[in-house]
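Peer 1: In the numbering used here, the protein residues as written are 356 to 435.
C-beta atoms are modelled at their ideal positions from N, C-alpha and C, and glycine is treated no differently.
As the structure is a prediction and not an experimental result, all values here were calculated from the model.
Mind having a look at this structure? Questions to follow.
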């Protein structure tokens, strides 16, 4: 989806430098995904001790982490 937003140029430059993203779109996408991930982790932290977690759930989370890392690499986050 194409969206126009006004961003502080200094913050965007810092984001590009810190992430190593090659484009502004990739940098902003990475930042949005990271914020979503953090918000979900915050929600999960509130559930500690309230729900049982089994080995399959932990394994699925590890796979999801690996897939996310691969997605970041494909977006140009890492300069390998």
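Scan the region 374 to 401 and note each continuous alpha helix (DSSP H) run of 4 residues or more that stays entirely inside, going in chain order.
Peer 2: Qualifying alpha helix (DSSP H) stretches, in chain order: 379 to 400.
Peer 1: Helix, strand or coil for residue 362? Go by DSSP, reduced to three states.
Peer 2: The answer is coil: DSSP assigns residue 362 none of H, G, I, E or B.
Peer 1: For residue 405, name the three-state secondary structure that DSSP assigns.
Peer 2: Three-state result, residue 405: coil.
Peer 1: Considering residue 410, what are the terminal residues of the alpha helix (DSSP H) in which it resides?
Peer 2: It spans 410 to 429 - the alpha helix (DSSP H) in which residue 410 sits, taken as one unbroken run.
Peer 1: Answer with buried or exposed for residue 385, where buried requires no fewer than 16 other C-beta atoms within 10 angstroms of its C-beta.
Peer 2: Per the 10 Å Cβ criterion, buried.
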